[in-house]
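These protein sequences, in sequence, are chains A and B. When you line the first sequence up against my numbering, it's residues 1361 to 1623, in that order. When you line the second sequence up against my numbering, it's residues 404 to 477, in that order.
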Amino acid sequence: MSLTLGAINPMEQFLVHRLVPIEIGGVDLSITNSVLFMAIAASLVALFFIGGAQNKIVPGRLQSAVESFYDLVDGSMVGAMIGDKGRPFLPYIFTLFTFIAMMNVIGLLPSSFTATSQLAVTATLAAFSIGLVFIVGFGRHGLGFFKLFVPSGVHWTMAIFLVPIEILSFSVRPFTLALRLFGNMMAGHVMVYLFASFVIGLGVFAAGHGGLSNLLYAGSAVSLAMVVALFLLELVVAFVQAFVFAALSCIYLNEVVNLGHGH
Amino acid sequence: MDIHVAKQIGAGLAMTGLIGAGIGLGVLFGNYLQAAMRNPSAAAGERIWLFLGMALTETMGLFGFAMGLIIYYT
């Protein structure tokens, strides 16, 4: 007995296709579905904050939502991890957090596209964060930036072994930053897709064969419950991953902002 | 052995890296919960480190996932 579940291709939802082909000087600048959903996310974030920035003493619903976002980034990320010297980086971390969270959440809507499930998008965001670390590190400390790789208070015999490890762990950071967001988003969407395809596939099989295979209706119902549960999980993951990306950017920035006098 | 078959086996084996990530996440959340039950007033302050630890642990599993993709598609 073989189950034929129809044409199931869980990777199809990640295909990028051109909506408005634009080509300038041999460079492909087409508006793809990825670009479209990034633009939608960016404009929704902007609308959210324009609507919420009202400066009332007793805040309305939208204003208190915006303020709690601000408190989260200011209090438990920038304030807790970098300290007062991190205030100049607050707008960057805040933008990163809200933009990634919005892209993740929009991607959960049916028939939409998750921009963060493209490695190119997450790698670009990671490059911004690591680039900022380099700019701040070399800009403020010059060649003293390389003290980052030498743990303080370590005897030189031990440092011979520790410095290569520190350099290695520093150089995998952009890859882990990009891979984490991409992997979580992609794996989550594939999982939801597979369970959703079981709902229809098992139901159609049971309807077509009758007899003992009527039991598969139960499997179909369980899959439907799993889809609902996974969607809730994905909603949590969407925010947690945005939070983690922004918090790790904070930690990496902290090392160069407070270089030498640990924090 | 056909190269395609070997690739599928290799990609499947690369996924065993997720075993370690699973154990790590279990240890992490179990210990956090234990600590939070013993001293509930300190739990809120440590939650940020819980999520960061989760992210770093997960990365090790995702390395395996990335290796699986590389083996399968190249």
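Backbone N, C-alpha and C fix where the C-beta goes; we use that ideal spot for every residue, glycine too.
According to DSSP, residues forming a beta bridge with residue i
i: A:V1387; result: A:I1384
i: A:T1392; result: A:R1378
Residue of the options minimising C-alpha distance to residue i
i: A:A1581; options: A:V1493, A:L1562, A:L1485; result: A:L1562
i: A:I1368; options: A:A1566, A:A1607, A:F1558, A:L1613; result: A:F1558
i: B:F468; options: B:D405, B:V408, B:G413; result: B:G413
i: A:L1469; options: A:V1496, A:L1592, A:L1432, A:A1480; result: A:L1592
i: A:R1540; options: A:V1617, A:V1600, A:I1527, A:I1560; result: A:V1600
i: A:I1460; options: A:G1620, A:G1571, A:S1609; result: A:S1609
i: A:F1605; options: A:G1568, A:G1571, A:N1464; result: A:N1464
i: A:L1432; options: A:P1448, A:G1443, A:F1457, A:D1444; result: A:F1457
i: B:M470; options: B:D405, B:L416, B:L459, B:R450; result: B:L416
i: A:A1399; options: A:S1472, A:L1375, A:P1370; result: A:S1472
Inter-residue spacing [alpha-carbon to alpha-carbon] between residue i and residue j
i: A:E1594; j: A:G1502; result: 43 angstroms
i: B:Y435; j: A:G1386; result: 54 angstroms
i: B:G433; j: A:Q1414; result: 43 angstroms
i: A:H1515; j: A:L1554; result: 54 angstroms
i: A:G1467; j: B:G448; result: 31 angstroms
i: A:F1498; j: A:F1530; result: 15 angstroms
i: A:I1611; j: A:F1535; result: 16 angstroms
i: A:Y1430; j: A:L1575; result: 51 angstroms
i: A:F1603; j: A:I1384; result: 36 angstroms
i: A:Y1577; j: A:R1533; result: 47 angstroms
i: A:L1422; j: A:F1408; result: 8 angstroms
i: A:A1402; j: A:G1491; result: 22 angstroms
i: B:T477; j: A:F1521; result: 34 angstroms
i: A:V1438; j: A:V1493; result: 15 angstroms
i: A:T1517; j: A:G1504; result: 21 angstroms
i: B:I473; j: A:S1477; result: 16 angstroms
i: B:G427; j: A:L1613; result: 26 angstroms
i: B:L453; j: A:A1567; result: 47 angstroms
i: B:V430; j: B:E461; result: 12 angstroms
Endpoints, alpha helix (DSSP H) assigned at residue i
i: A:M1437; result: Taken as a continuous stretch (DSSP letters only), A:M1437 belongs to no alpha helix (DSSP H), as it is neither H nor E.
i: A:T1455; result: 1450 to 1467
i: A:E1372; result: Taken as a continuous stretch (DSSP letters only), A:E1372 belongs to no alpha helix (DSSP H), as it is neither H nor E.
i: A:S1531; result: 1516 to 1531
i: B:D405; result: Unbroken run through B:D405: none, as it is neither H nor E.
i: A:V1493; result: 1479 to 1501
i: B:G464; result: 446 to 476
i: B:G425; result: 420 to 441
i: A:G1579; result: 1576 to 1617
i: A:V1426; result: 1421 to 1431
Neighbourhood of residue i by C-beta distance below 8 angstroms, restricted to the same chain and skipping five residues each side
i: A:P1419; result: E1427
i: A:V1616; result: V1493, V1496, G1497, R1500, H1501, F1505, L1508
Beta-carbon proximity list for residue i, same chain, < 7 angstroms, skipping 5 on both sides
i: A:M1551; result: L1590
i: A:V1405; result: T1458, F1459, M1462
Close-in-space but distant-in-sequence residues of the same chain around residue i (CB under 6 angstroms, 5 per side omitted)
i: A:F1411; result: It is Gly, not Phe, that sits at residue 1411 of chain A in the sequence shown. Hits under 6 angstroms: L1422.
Within-7 angstroms CB hit, residue i to chain E
i: B:F432; result: This model lacks chain E altogether; the protein chains it does include are A and B.
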